[in-house]
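Below: the structure, in structure tokens.
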Ligand SMILES: [Zn+2]
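Numbering (my numbering), first residue to last: 51 to 487.
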């Protein structure tokens, strides 16, 4: 783990803070420009466009850039290539490298918007759009922080990196996971990572819960719907699975609490979402006026999304579900099932004493005048790949925006929040990259 210099000297913070204030209009325009590139995922639209945009911007500010396509990762195709950018600015002498990682993708728009989701409108001190808070506002704030820092302290030591990565919203395999596999997060080249996800400007996010996703299929036998006794209804079997979950699994999870500082409070325990359910004939397309054929369904599938705690081993999370299914198989006539694991992500937590945590905590105190709140995220984000694949533990999420607005209609980011968090990021760079003598 890299050494943390003592931050006794104030290192002339007012000039950097002033430089960031002077870039307020630039920060606003940059955020709006980023929102106007509709990087929807799925399918993974405009990844190259946003990388080209960032390439132009960061090259202009002295960064050396690399555009990296994550070939053959999930969703990568010639139509929807998974493009990433890593930009690096070397300092005047050797030292640590501080890396800001933002995902460039945004989730689908959904219903309920009153603003243009890709218009980037500015109104009452806020910028609106899909991805405004999650996380183009954070990306813009980190870029402004780095540019202001470089202008204020051109003689800085070490290096600064900014990456814009694909597919975080779908697991990060074509983004940070790929870069980590390629060595970009090797602790020998990067020592501190800040991910400007929308966790609020006065909170440090140390990590996240784990996730386990699986599909369960129950099997039956097709027959005429007027004589269901001649078949075997897979949906009724799934009903039995769901009752087991209601009677046993949900109460067991609700009783299990964590020492992780997960927010909101409801997520400070194990949870499970039933993501989807489908049994029988395919759903009709909207507008199709056909009537259903009368059949007993021979298959029913659900997808479960189980979020688990640092205190719960993944094996236990799995066996808790499979034990219930095996119990049904032993006791329920003709019960057949298949479970397919779709994905598993272990929980991740950075130590509170890690250099990047202590540095950003001090920076929040300097800028906001009060100590930070430490939190952990209910959902996973790219820290998992930096931790597990990159083996780099000195990583946090810190950025502007209100977590609860992520993925919602009329998503926005507050301009003052972006400015304040840019000052915190800049202050952290001063602590980590300026000679301390
Ligand atoms: Zn995000």
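Note that the Cβ used here is the ideal one computed from N, Cα and C, for glycine as well.
Everything numeric in this text was worked out from a predicted model, so none of it was measured.
query	result
Assign residue 68 to one of two classes, buried (16 or more other C-beta atoms within 10 Å of its C-beta) or exposed (fewer than that).	exposed
So what's residue 7 in DSSP terms, helix, strand or just coil?	No information on residue 7 is available, as it lies outside the stretch 51 to 487 that the chain covers here.
Hey, out of 130, 310, 392, 144, whose CA is closest to residue 266's CA?	392
With respect to the beta strand (DSSP E) encompassing residue 116, which residues constitute its N-terminal and C-terminal limits?	114-119
Got a sec: is the Cβ-Cβ distance from residue 381 to anything in chain D below 8 Å?	Absent here is chain D; the protein component of the structure consists of one chain.
If you scan the stretch 341-383 from start to end, which runs of the beta strand (DSSP E) of 3 or more residues do you find wholly inside it?	349-358
State the Cα-Cα distance for the pair residue 439 and residue 220, rounded to the nearest angstrom.	17 Å
Starting from residue 267, follow the beta strand (DSSP E) in both directions and report where the run begins and ends.	260-269
Cutting at 8 Å between CB atoms, please list the residues of its own chain near residue 317, excluding the five before and the five after it.	259, 357, 428
Skipping 5 residues on each side, what residues in its chain have a beta carbon closer than 6 Å to that of residue 467?	251, 450
If you draw a straight line from the C-alpha of residue 90 to the C-alpha of residue 133, how long is it?	13 Å
Taking the C-alpha atoms as reference points, what is the distance between residue 457 and residue 448?	18 Å
Give the straight-line distance between the Cα atoms of residue 174 and residue 191, rounded to the nearest whole angstrom.	19 Å
Quick check: is any heavy atom of ligand 1 less than 7 Å from the C-beta of residue 153?	yes
Just the Cα atoms here: how many angstroms apart are residue 473 and residue 420?	14 Å
Kindly examine ligand 1 and report whether one of its heavy atoms sits closer than 7 Å to the Cβ of residue 461.	no
Let me check understanding here. Comparing Cα to Cα, which of 157, 224, 66 lies closest to residue 200?	66
Can you list, in chain order, the residues of its chain whose CB lies under 7 Å from that of residue 442, leaving out five sequence neighbours each side?	235, 237, 240, 243, 436
Among residues of its own chain, excluding the 5 on either side of residue 303, which ones have a beta-carbon nearer than 8 Å to its beta-carbon?	319, 320, 321, 322
So residue 322 is in the alpha helix (DSSP H); what residue range does that whole segment cover?	From DSSP, residue 322 is part of no alpha helix (DSSP H) but of the beta strand (DSSP E) over 321-329.
With C-beta atoms as the reference, is residue 105 less than 8 Å away from residue 194?	no
Buried or exposed for residue 213, going by 16 or more other Cβ atoms inside 10 Å?	buried
Under 8 Å, with one C-beta from each stretch per pair, do the stretch 322-337 and the stretch 294-308 reach the 3-pair mark?	yes
Evaluate contact between the stretch 391-410 and the stretch 226-234, counting only Cβ atoms and requiring at least three cross-stretch pairs below 8 Å.	no
Could you tell me the alpha carbon to alpha carbon distance between residue 386 and residue 269, rounded to whole angstroms?	5 Å
Going by the C-beta, is residue 184 closer than 7 Å to any heavy atom of ligand 1?	yes
Between residue 378 and residue 291, what straight-line distance do the alpha-carbon atoms span, to the nearest angstrom?	8 Å
Using three-state DSSP, classify residue 420 as helix, strand or coil.	coil
According to DSSP, which residues form a beta bridge with residue 150?	212, 244
What does a CB cutoff of less than 6 Å around residue 311 pick up in its chain, not counting 5 residues either side in sequence?	424, 425, 426
Measuring from the CB of residue 218, is there a heavy atom of ligand 1 at a distance below 7 Å?	yes
Under a three-way DSSP split, which group does residue 313 fall into?	coil
Among all the DSSP beta bridges, which residues are the ones paired with residue 139?	210
Rounding to the nearest angstrom, what Cα-Cα distance links residue 445 and residue 99 in this structure?	28 Å
Would a C-beta distance cut-off of 8 Å place residue 299 and residue 388 closer than the cut-off?	no
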